[in-house]
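In what follows, a structure is listed as structure tokens, so that the remarks can point back to it.
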Amino acid sequence: MNWKFLIAISLGLLIMGLGHAGALSSPDSKPAPSLPPHKEKPSPTPPRIGGGIVVKTFTGSSSIAQAKSFLNQYWDKLTLRLNLNEFQNVTFVGIALRPLPSGAYAPLYYFGDNITDLMALEEQFISEVSIFKRIPSETRGALADEPARDWKYLGGIRSLVTSKDIEVSTSMWTKERGTVYNVFGANFWVTSALSGQYVYYIHMNHDAKVPLKVSEGLKVAVKEVKERLKVLNPEDAFIGVGNFRPEGTGSSSTSVITWGLNVGIGISDSGMPLPNAQAGFTESHSTALGFKWYTDYVDPNLEVKFNFYDLEERGFIFSHPAWGKSFSAHPAVIVHVDPDAKFHMAKVKITAEAVFYYESAIDGITGTFISRHDVEAPSIEFTVEMYPWFIYQP
């Protein structure tokens, strides 16, 4: 057992009294290369809102190229760095940069596609910026039996969306249609331990969305929701046993369940607490909904996989798929970085998958029969580099 693994165990369950969660090619550490000029050039003095936050939006097929060019001037000062080449299918990019006391910037990345109209995307982005602005820059929390310390907010990623259309011919003259969505985002924090390690807290927001009701002839439900986080610089960073939630296996007879990372350990209650891990149906008023989960960690230092399945609604006698009920998963992972790691950087790859099924009543020559099929929205996958508020090489 290596020393990293022992340290991870000794930290135990890390963050306590956390608040109820809301119910989402690797980048280089060097500045992004300059891009050829394009139609819309970044304004020399980007617009700012309250708190000095820099806000910029880009639209159209060149939105990623425009965003890369804009971020080039801030790249060395960003606490979260994405490889925007991984998002070539988006047609809307919103960026908000929150200035930090150190001179660095905590970014908010917002992505959209051409399915939603431009005005709606801009409104949604401004709404996310308003939420982003209200997230405290620092939150008090404790590491095991060490004194409470500040967790510093690093920024977030919002509204990565993929979708899959469903079309079924229910008779010779009738077609039924519906769309399912795979939506992902995340928030990030950092603190330092007495050992000199830097510790990153990653809280994911993953939604599998289905139409509430399509028609009498077509029903849609979420079948399975999966997230995976893998450390890409294992020579400097690691996860470790006890540093993710949920862990193990289990089932819930309620529509929503929450997991704390540190039951039984004291924590300061000043400021807004970090969000707990959580999963459940958005239709939380129903008492007949339930699900199961298991967490796979073949190498807990390197990779952890979350799986939520058997999403069902209990009937009078039998259970059945939770037709028309969307599902949200908010797993949480802590990544440790060695004290002597260059720039104290942690680099991870995050993957989000959602599988659905639909049931249709089809009128045939011999009568009506029920057909059920699985369908999967395209997976979401990206890499992110995380840095503390100050970025330097020791």
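Residues 954 to 1347 in the numbering used here are what the sequence shown lists, from first letter to last. For every residue, glycine included, the Cβ atom is placed at its ideal position computed from N, Cα and C. Quick caveat, the model's predicted, so the values are computed rather than measured.
Setting aside the 5 residues that flank it on each side, Lys1179 is surrounded in the same chain by Asn1260, Glu1306, each with a C-beta closer than 6 Å to its C-beta; the list follows chain order. By a beta-carbon distance limit of 8 Å, Tyr1062 contacts Leu1035. Their separation comes to about 6 Å. Within the model, the alpha-carbon separation for Val1082 versus Ala1073 is close to 14 Å. Distance from the CA atom of Tyr1262 to the CA atom of Phe1309, rounded to whole angstroms, is 11 Å. Fewer than three pairs of CB atoms, one per stretch, sit closer than 8 Å, so the segment 1115-1129 makes no contact with the segment 1263-1279. Met1072: member of the alpha helix (DSSP H) spanning 1071-1087, first to last residue. Taking C-beta atoms as the reference points, Phe1085 and Ala1049 count as a pair closer than 9 Å. The criterion of a C-beta distance shorter than 9 Å is satisfied by Val1152 and Val1143. Counting only unbroken stretches of 3 or more residues, the beta strand (DSSP E) elements lying wholly within the segment 1148-1215 are 1151-1162, 1171-1184, 1202-1205, 1209-1212, in sequence order.
Rounded to the nearest whole angstrom, the CA to CA distance from Tyr1250 to Thr1044 is 36 Å. The residue from Val1286, Glu1266, Ser1015 with its alpha-carbon nearest to that of Ser1279 is Glu1266.
Inclusion of Ser1208 and Glu1236 in the CB contact set at 9 Å is warranted, their separation being smaller than that value. In the DSSP secondary-structure assignment, Asn1140 is bridged to Gly1109, His1156. A Cβ-Cβ distance of about 7 Å is found for the pair Arg1198 and Pro1284, placing them in contact under the 8 Å criterion.
For Asp1189, the number of other beta carbons within 10 angstroms of its own is at least 16, and it is reported as buried. The Cβ atoms of Gly1005 and Pro1052 sit closer than 9 Å to each other.
Following the DSSP letters along the chain, one finds Ile1287 inside the beta strand (DSSP E) bounded by residues 1285-1290.
A distance below 6 Å between beta-carbons, with the five flanking residues on each side excluded, links Pro1060 to the following residues of its chain, in chain order: Leu1031, Leu1033, Leu1050, Gly1108.
Shown here for Ala1161: same chain residues with a beta carbon closer than 6 Å to its own, the five before and five after excluded, namely Val1175, Val1178, Phe1280, Ala1307 in chain order.
Per the coordinates, the alpha-carbon of Phe1137 lies some 10 Å from the alpha-carbon of Glu1334.
A distance below 9 Å separates the beta carbons of Ile1192 and Val1286.
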